[in-house]
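Worksheet: the structure to be examined is printed underneath.
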Amino acid sequence: MTVKAASHLRGKDLVGIDQLSPEEIQLLLDTAEQMQEIAKRPIKKVPALRGKTVVNLFMEPSTRTRFSFEVAEKRLSADSLNFSSSGTSVEKGETLLDTARNLEAMQPDFIVIRHRYAGAPHQLARALKSSVVNAGDGAHEHPTQALLDALTIRQKRGTLAGQVVAIAGDLAYSRVVRSNVILLSRMGATVRVAGPPSLVPPGIEALGCEVHYRLEDAIAGADVVMMLRIQLERQGKMNFPTVREYYDFFGLTPERVKLAKKDALVMHPGPMNRGVEIDSRVADGPQSVILEQVTNGVAVRMAVLYLLAGGHGEPVAD
Amino acid sequence: MKRVQVLDARGIARALERMAAEILEKVGDESLLYLVGVQTRGVPLARRLARLIAAKTGCEPTVGALDITLYRDDVGPWRAAHQQPLLRDTALPVKVDGRTVCLVDDVLYTGRTVRAALDTLMDYGRPQAIRLAVLVDRGHRELPIAADFVGRAVPTAASEDVQVRLKESDGEEGVWLAREEARG
């Protein structure tokens with residue numbers, strides 16, 4: 117399966133992978149690949165988004181994603197405004213829409229939003245004229261993470277089509293898994309997900325993946341093994357008896373990595389819980405591409421901002 | 077669409093041959109020469125000029141490729157179509173500092189591409205000098221920019237289209253002037 121890249125993105129926003137056609141995904145990945153060169157220059161900055169204003173509206177803690185967007189914005193010469201919910205009017209009870217409308221009154225071109233509730237970016241996308249980029253909404257989607265994972269796989273393995281990708285861990289609370297399953301299956305990869313039954317949401321196979329309840333079954337013969345963080349802070353109650361028991365059954369150990377293909381990639385969106393979902397020997401081992409994922413994140417976010425700056429089509433949010 | 081041929085394969089070869097000689101004469105120290113093609117058709121032209129210069133001096137000058145897309149003045153809201161131009165490779169195998177860079181492009185028209193190329197190049201270092209070589213100069217400049225080496229100056233109307241086709245990128249070789257037929 118070879119997908120020809122689209123000439124442009126149809127929407128004014130990027131709220132989820134679900135809105136993207138395979139051709140649009142290809143365009144985003146091709147553009148991101150070209151953006152990587154900028155990081156190697158003596159002057160790591162291009163004037164493409166000069167005079168554009170980006171509001172980074174992070175209503176939930178984030179280090180990697182927030183920094184990554186900020187670096188991407190600066191490399192494209194856009195002006196960034198950073199907003200976090202503490203110390204602002206959110207603490208005084210302002211609604212999300214009111215906050216966003218007030219920010220929009222200052223004429224930003226982009227609003228990058230991270231929010232703990234699914235659908236928050238979609239609500240903004242419908243209400244605002246600015247381009248809205250989803251930087252993670254609840255347990256729903258995290259499109260730029262899936263794009264950077266796909267870029268990493270494509271560069272290491274040559275293609276996405278035909279790859280067998282195992283994703284394991286906290287499937288119930290993970291937005292990374294949703295965006296990844298949609299993207300990878302749309303691009304012709306086979307996706308297997310695995311986790312303890314208490315963390316496998318019913319109906320997840322409808323996204324286009326195989327479901328396994330033993331980590332070994334999902335990893336066997338895989339090209340890529342992607343571990344998800346156990347999000348202890350999101351769980352009202354523990355969904356497994358102890359962290360130690362989780363590691364025994366679902367931790368990625370050097371022995372379990374051997375079940376995958378010999379040169380399989382080990383990935384993790386971060387932040388890692390070492391000794392819970394992944395063993396340090398694996399996280400720091402030769403097959404790990406975890407830090408390359410972070411590097412690729414900047415290029416992917418540059419591609420998203422650059423391509424959205426060109427178009428002002430209709431909102432695609434449902 | 078009516079097409080009139082301006083240069084055939086032999087015409088292009090002769091023009092490049094003359095440009096190569098002029099570049100050598102003007103540059104002086106050919107060890108400093110760095111031919112940088114502007115994506116996309118400037119790149120094969122830069123390679124051809126490098127081979128012609130090598131045939132004269134016995135030493136092939138450095139060749140690079142430059143993508144100017146992110147430096148254009150028409151990205152974002154200035155574009156009519158909702159379409160950002162595609163990015164291409166920039167490949168500068170060695171540093172441009174202290175070198176005599178000769179930018180190579182197929183057609184010189186408004187001069188806006190050259191302005192963007194100058195800005196792009198400056199972000200990679202500080203060349204000793206920058207020159208400009210183009211296969212076709214079709215006039216209608218919108219910026220105070222002139223070429224140092226011109227293959228063929230072709231007077232055109234703004235409504236006409238100059239089509240450069242190279243065997244490396246297009247499978248055919250030649251330069252044509254195309255215009256819409258008058259309706260009637």
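Chains as they are written, first to last, in the working numbering: chain C, 117 to 434; chain A, 77 to 260.
All C-beta atoms in this analysis are idealised placements derived from N, C-alpha and C, irrespective of residue type, glycine included.
Predicted model, so just to flag it, every value in this text is computed and none were measured.
What residues from chain C crowd round residue 201 of chain A, counting only those whose CB sits closer than 8 Å? 158
Buried/exposed call for residue 412 of chain C, threshold 16 Cβ in 10 Å: buried
Buried or exposed (CB count within 10 angstroms, at least 16 for buried), residue 216 of chain A: exposed
Within chain A, the residues that residue 147 of chain C reaches when beta carbons sit closer than 7 Å: 163
Using a beta-carbon distance below 8 Å, is residue 244 of chain C in contact with chain A? no
Shorter than 8 Å from the beta carbon of residue 184 of chain A to some beta carbon of chain C? no
CB of residue 348 of chain C within 8 Å of CB of residue 292 of chain C, strictly: no
Residue 405 of chain C (DSSP reduced to helix, strand or coil): coil
Using the rule of at least 16 other Cβ atoms within 10 Å of the residue's Cβ for burial, across every protein chain shown, is residue 170 of chain A buried or exposed? exposed
Closest by CA to residue 313 of chain C, which one among C:136, C:323, C:285? C:285
Residue from A:257, A:124, A:229 with nearest C-alpha to residue 235 of chain A: A:257
Would the region 117-125 of chain C and the region 137-149 of chain C be scored as touching if the rule is three or more Cβ pairs under 8 Å? yes
8 Å is my cut-off, CB to CB: does residue 425 of chain C come that close to chain A? yes
Would you say residue 253 of chain A and residue 119 of chain A are within 8 Å of each other, going by their C-beta atoms? no
State the DSSP-derived secondary structure class of residue 220 of chain C, mapped to helix, strand or coil. helix
With 16 other Cβ atoms within 10 Å as the buried cut-off, status of residue 239 of chain C: buried
Along the chain, where does the alpha helix (DSSP H) containing residue 118 of chain A start, and where does it finish? 118-133
Comparing alpha-carbon positions, which option in A:84, A:175, A:147 lies nearest residue 104 of chain A? A:175
Where residue 257 of chain C sits in the DSSP three-state scheme: strand
Would you list the one or two residues that DSSP bridges to residue 181 of chain A? A:210
Can you pull the chain C residues whose beta carbon is under 9 Å from the beta carbon of residue 159 of chain A, in chain order? 123, 124, 426, 427
Can you tell me where the beta strand (DSSP E) holding residue 111 of chain A begins and where it ends? 109-114
Where residue 78 of chain A sits in the DSSP three-state scheme: strand
Of the residues A:149, A:229, A:162, the one placed nearest residue 188 of chain A, counting alpha carbons only: A:149
Kindly list the residues whose CB is nearer than 6 Å to the CB of residue 109 of chain A, restricted to its own chain and excluding five residues on each side of it in sequence; keep chain order. 103, 137, 176
Local Cβ density within 10 Å of residue 378 of chain C, reported as buried at 16 or more and exposed below that: exposed
Chain C partners of residue 147 of chain A, CB-CB under 8 Å? 162, 163, 164
For chain C, find out if any of its Cβ atoms is closer than 8 Å to the Cβ of residue 166 of chain A; answer yes or no. yes
Partner residues on chain A for residue 142 of chain C, Cβ-Cβ distance less than 8 Å: By Cβ distance, chain A contributes nothing, its closest Cβ being about 12 Å from residue 142 of chain C, past 8 Å.
Nearest neighbour of residue 107 of chain A, chosen from A:184, A:178, A:147 [CA to CA]: A:178
Residue-level contact to chain A via CB, residue 152 of chain C, 8 Å cutoff: no
Indicate the three-state DSSP secondary structure (helix, strand or coil) for residue 153 of chain A in the structure shown. At residue 153 of chain A, the pLDDT of 49 sits below 50, so the modelled position is not reliable and the matter cannot be decided from this model.
Contacts around residue 337 of chain C, its chain only, beta-carbon distance under 8 Å, and the 5 residues preceding and following it disregarded: 280, 375, 376, 377
Outcome for residue 184 of chain C when other beta-carbon atoms lying within 10 angstroms are tallied against a minimum of 16: buried
I want to verify the contact list: residues of chain A whose CB lies under 7 Å from the CB of residue 422 of chain C, in sequence order. 160
For the alpha helix (DSSP H) holding residue 101 of chain A, just list the boundary residues, first then last. 85-103
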